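Everything in the sequence shown is counted per my numbering, starting at 4 for the first residue and increasing by one.
In what follows, a single structure is set out as structure tokens and then discussed.
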Amino acid sequence: MELNRTEIQSKVDRLVQIKSEIEKLRAEQNELEGFFLKICDNDLKNTKLKTVAYSGTSSNRVTATMAENLKPVYPSFFREIFGSAYSDAVTEETKYKLSAPASRMLVNLWQKSYTKMTVGEVIQQLPCSAESKTALGKKLKGANFKTDVKNLMAIAGFSRADAEQYAYFIAEAATWESFLQLMKVNKRSESEMKDVLDTINSAIVVEETPKIQVESN
Numbered sequence: 004m005e006l007n008r009t010e011i012q013s014k015v016d017r018l019v020q021i022k023s024e025i026e027k028l029r030a031e032q033n034e035l036e037g038f039f040l041k042i043c044d045n046d047l048k049n050t051k052l053k054t055v056a057y058s059g060t061s062s063n064r065v066t067a068t069m070a071e072n073l074k075p076v077y078p079s080f081f082r083e084i085f086g087s088a089y090s091d092a093v094t095e096e097t098k099y100k101l102s103a104p105a106s107r108m109l110v111n112l113w114q115k116s117y118t119k120m121t122v123g124e125v126i127q128q129l130p131c132s133a134e135s136k137t138a139l140g141k142k143l144k145g146a147n148f149k150t151d152v153k154n155l156m157a158i159a160g161f162s163r164a165d166a167e168q169y170a171y172f173i174a175e176a177a178t179w180e181s182f183l184q185l186m187k188v189n190k191r192s193e194s195e196m197k198d199v200l201d202t203i204n205s206a207i208v209v210e211e212t213p214k215i216q217v218e219s220n
């Protein structure tokens, strides 16, 4: 391949220009994301919500989510917490890796984001028809917030705001149900349950980190 000096110079200049533009755009991106991180922190404060969306023109949308990151402080306590379910909930490597359901349960228990009710009991308290409650009982699991919100809106006709609030109650009830099942498997008494909750508070720390997602046409 014969190299053309003029062509080489042109591509060098263009590559340098692109790199400079990328750096400027990245700086602008960081500035814009920082803007949304600041306002989402305020919008989510003192609420149960973990996600807030901001609309642009057309279907452009910025979603800010407060992501949760569980960090074990005393991993040796996991055997005491999970008991005979330990091998199902924890993968032992050079670091401890919890299954998604186990991690979700511990995060919510540590944050006190649970209600001492079953998912079924929460559904029965929803302001909708008996038929809707029956259908929701088959759909709502408390594991996927977005899916539960969609089902609450589609089946019971709730507004998005109401559906989000009810979906959080469902998630909290699902956390408590999972904890009760864990205690039952390990034959823990009611007094021992409190000890396990105290142990969870000592065994982990949950850090919240906001994440930004951009959507366009």
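Backbone N, C-alpha and C define an ideal beta-carbon position, used for all residues, glycine too.
No experiment lies behind these values; they were computed from the predicted model shown.
May I ask you to report which of helix, strand or coil DSSP gives residue i?
{"i": "Y57", "result": "strand"}
{"i": "N72", "result": "strand"}
{"i": "E167", "result": "helix"}
{"i": "E36", "result": "helix"}
{"i": "R8", "result": "helix"}
{"i": "R191", "result": "coil"}
{"i": "K149", "result": "helix"}
{"i": "S181", "result": "helix"}
{"i": "Q20", "result": "helix"}
{"i": "F1", "result": "Because the chain here runs from 4 to 220, residue 1 falls outside it and cannot be looked at."}
{"i": "S135", "result": "helix"}
{"i": "K48", "result": "coil"}
{"i": "S162", "result": "coil"}
{"i": "L129", "result": "coil"}
Would residue i pass as a contact of residue j if the rule is Cβ separation under 8 Å?
{"i": "A177", "j": "K142", "result": "no"}
{"i": "I84", "j": "V208", "result": "no"}
{"i": "F161", "j": "Y171", "result": "no"}
{"i": "Y57", "j": "A206", "result": "no"}
{"i": "N189", "j": "G86", "result": "yes"}
{"i": "E195", "j": "K74", "result": "no"}
{"i": "L109", "j": "L101", "result": "yes"}
{"i": "T118", "j": "W179", "result": "yes"}
{"i": "Y99", "j": "F80", "result": "no"}
{"i": "A92", "j": "A103", "result": "no"}
For residue i, which residues does DSSP report across the bridge?
{"i": "P213", "result": "M69"}
{"i": "R29", "result": "Answer is none; R29 lacks a bridge partner."}
{"i": "I207", "result": "P75"}
Apart from the five residues just before and just after residue i, which ones in its own chain have a Cβ nearer than 7 Å to its Cβ?
{"i": "M69", "result": "L47, K53, E211, P213"}
{"i": "G140", "result": "G123, I126"}
{"i": "K136", "result": "I126, Q127, L129"}
Identify, in the order they occur along the chain, each residue of the same chain with its Cβ nearer than 8 Å to the Cβ of residue i, setting aside the five sequence neighbours on each side.
{"i": "N154", "result": "L139, K142, L143"}
{"i": "R163", "result": "V152, M156"}
Near residue i, which residues of its chain fall below 6 Å by C-beta distance, leaving aside the five closest residues on each side in sequence?
{"i": "S116", "result": "E175"}
{"i": "E71", "result": "V110, V209, E211"}
{"i": "E24", "result": "none"}
- Identify every run of the beta strand (DSSP E) within the region 67–126, keeping only runs that are complete inside it and at least 3 residues long; order them along the chain. 93–95, 99–101
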